[in-house]
Amino acid sequence: MLMAQYFVLLIVAIVLIKSILNLSKRKITIATFVFIVILLDALLVVVFMPNVVNSLSNFFGIERAKDFMIYGAIAILFYFLFRVYMKIELIDREISNLVKKISLKQLEKEWKF
Amino acid sequence: MSKTYVVVPAFNEEEMIGSVLQKIKKQGFRNIVVVDDGSSDSTAEIAKREKAIVLRNVVNRGLGCTLNIGIEAAIILGAEIIVTCDSDGQHDPSEIKKLIKPILEKKAEVVIGVRSFDKKDAPFSRLLISKGAKFVNLFLFGNTCNDTESGFRAFSREAAGKINIQTSRMEVSSEIVQEIGRNNLKLAEVPIKTIYTDYSLRKGQKLSNAFSIVNKLFLKKIIK
């Protein structure tokens, strides 16, 4: 086994243990846990079964497997960026709702309505 | 006449808010709700001095959140008609009567004051923002309105209750037009004049906000 493969195996093990602990403490949802497991599986396939990546890149019509990996990584990063953006938007809405409740309370307190 | 409330969202408007409120009162509209969006100047104090009902946001949240609060407050206060008017002096309060007329005559549930960009004093940037917003609203969201970005509007109580504002900032104007379409509200457009001053131009919408506004409107569609 290559040094890089040992390294990836160690990272996967750490992330998996941390995710299981977080799931048991209910810090993450089952859906998030499944998503993490799928990502880790994908990482293991890429590192330990490079032929699969070659076949996949051929299937998508991309000549080099490395290019396929880079395109895939960019797509995944964009997806995460989008998720973070959505989360920020939802938090923004919650702050607005909170500010609204506080402001409307002034109608009762200060203006006696 | 029906109980009309004028909602005035304001952020650091101590220069203009006093004269705007005086002009509104001069037209016979005594029910005024000023929502101070976390101003650091004396906007709220001046508004209180002018006998407006003043609500203060604890932090600055933007036009959308502020309008939402003002409209909700007017509904709680028993408004039959709700008018929204900018606090930077670009709207002429003498046109409020013209604005609410279609609602009083039961010809419309929502009225939007449409600005004319014919005159030479209308800045090119404002014309560009208005036309750009009209294009985006028509082709991306299917809304037909001649001035989606106008802040001078009137709503019947029922219509105001149906409009669900979720965006917090400048994109609220387009969102309101979308909500009018979503709820099949009867819309009327009334031509209004706009008073362009250095001050109002400094305070209004910026062309650089366009991308962010479209982005937020898309996100609203996705999140629901």
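Line order of the protein sequences matches chains A and B. For the first sequence, our numbering gives the first residue as 1028, with consecutive numbering after it. For the second sequence, our numbering gives the first residue as 14, with consecutive numbering after it. Glycine is no exception: its CB is placed at the ideal position from the N, C-alpha and C atoms.
Only residues of its own chain outside the window of five on either side were considered, and among them PHE168, ALA172, ILE193, LEU198, LEU200 have a CB closer than 6 Å to the CB of VAL123 of chain B, listed in chain order. Using a Cβ-Cβ cut-off of 7 Å, LEU153 of chain B is close to nothing in chain A; its nearest Cβ partner there is about 18 Å away. Among the residues of chain A, none has a CB under 9 Å from the CB of ILE88 of chain B; the nearest is roughly 10 Å distant. At least one CB of chain A lies nearer than 8 Å to the CB of GLN179 of chain B. Exposed is the label assigned to PRO136 of chain B, since fewer than 16 other Cβ atoms lie within 10 Å of its Cβ. In its chain, beyond the 5 residues on either side, PHE1095 have a beta carbon closer than 6 Å to the beta carbon of ILE1089 of chain A.
Distances from the alpha-carbon of ARG1120 of chain A to those of B:SER100, B:ASP101, B:THR79 put B:THR79 closest. Assignment of beta-bridge partners to VAL19 of chain B by DSSP yields B:ILE45, B:VAL96. A residue is called buried when at least 16 other Cβ atoms come within 10 angstroms of its Cβ; ILE1118 of chain A does not meet this threshold and is exposed. For ASN70 of chain B, at least one C-beta of chain A is nearer than 8 Å to its own C-beta. Taking CB atoms only, VAL1126 of chain A has a neighbour in chain B less than 8 Å away.
The alpha carbon of SER163 of chain B has as its nearest neighbour, out of B:SER55, B:ALA57, B:LEU112, B:ILE45, the alpha carbon of B:LEU112. By the C-beta density criterion, GLY91 of chain B is exposed, having fewer than 16 other C-beta atoms within 10 angstroms.
Contact annotation: VAL96 of chain B and ILE88 of chain B have beta-carbon atoms that are not nearer than 8 Å. Proximity of VAL48 of chain B to chain A, defined by a Cβ-Cβ separation below 8 Å, is satisfied.
The C-beta distance from SER129 of chain B to LYS206 of chain B rounds to 7 Å, short enough to fall under 8 Å. Under DSSP, the beta-bridge partners assigned to VAL203 of chain B are B:GLY126. For GLU184 of chain B, the closest of B:ALA223, B:VAL20, B:PHE154 by C-alpha to C-alpha distance is B:ALA223.
ILE59 of chain B sits in a helix when the DSSP states are folded into three classes. By the rule that beta-carbons nearer than 8 Å mark a contact, ILE226 of chain B does not touch chain A.
Using a Cβ-Cβ cut-off of 7 Å, ASN81 of chain B is close to LYS1127 of chain A, given in chain order. In chain order, ASN150, VAL190, GLN191, GLY194 place their CB closer than 7 Å to the CB of ASN156 of chain B, counting only its own chain and leaving out the 5 sequence neighbours on each side.
Scanning its chain for C-beta atoms nearer than 6 Å, with the 5 sequence neighbours on each side dropped, one finds around ALA57 of chain B the residues ASP49, VAL67, ARG69, in chain order. The straight-line gap separating the alpha-carbon atoms of GLU85 of chain B and ILE1103 of chain A is approximately 41 Å.
Contact of ARG43 of chain B with chain A is not assigned, every C-beta pair being separated by 8 Å or more.
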